[in-house]
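Peer 1:
Numbering (this note's numbering), first residue to last: 1 to 161.
If you want it as structure tokens, here you go:
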């Protein structure tokens, strides 16, 4: 290994691997146990609200990616040349990509009418909360002003959490 090369995992690569596995489970895993999901009219309502949440979540995540620009990375550790982004959608939540992903995940669970998929989305919520804690340690190390931003802006849900 070259002196400038970081070992795998030192920038949070394992978080990304686990996140991809949870995404795969969410999309490809069984959606419900034998006996099915919820019954009509909830199936229709689930499809409607699930579709709305799915579209909203994707839009929020894409908007957040655009606001990050060259700072965007799949890893929780910020890039060496990163600047702190607190404008745009980042005025409302500190992790809008995660917020969008979670909204889309719960929307997907409603769309597929799946109790198990709701469980997978809940696991993703717990996982992204844990991942964001580690990410915020790195952000505070890189950007001293992040502490004030963290106190002022909620993590995933505006005015709530």
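Cβ coordinates follow ideal geometry from the N, Cα and C atoms, glycine included.
In or out: residue 57 buried (at least 16 other Cβ within 10 Å) or exposed?
Peer 2: Buried.
Peer 1: Applying the 10 Å Cβ sphere with the 16-neighbour rule, what's the burial state of residue 145?
Peer 2: Flag for residue 145 reads exposed.
Peer 1: For residue 17 and residue 159, I'd like the C-alpha separation in whole angstroms.
Peer 2: Whole-angstrom Cα-Cα distance: 31 Å.
Peer 1: Taking all protein chains shown into account, do 16 or more other C-beta atoms lie within 10 angstroms of the C-beta of residue 112, making it buried, or fewer, making it exposed?
Peer 2: Label assigned to residue 112: buried.
Peer 1: Please list the terminal residues of the continuous alpha helix (DSSP H) segment that includes residue 42.
Peer 2: Looking at the DSSP string, the run of the alpha helix (DSSP H) that includes residue 42 is 42–68.
Peer 1: Going by CA-CA distance only, name the one from 10, 133, 102 that's closest to residue 119.
Peer 2: It is 102.
Peer 1: Closest to residue 32 by C-alpha separation, out of 128, 71, 116, would be which residue?
Peer 2: Minimum Cα distance to residue 32 is reached at 116.
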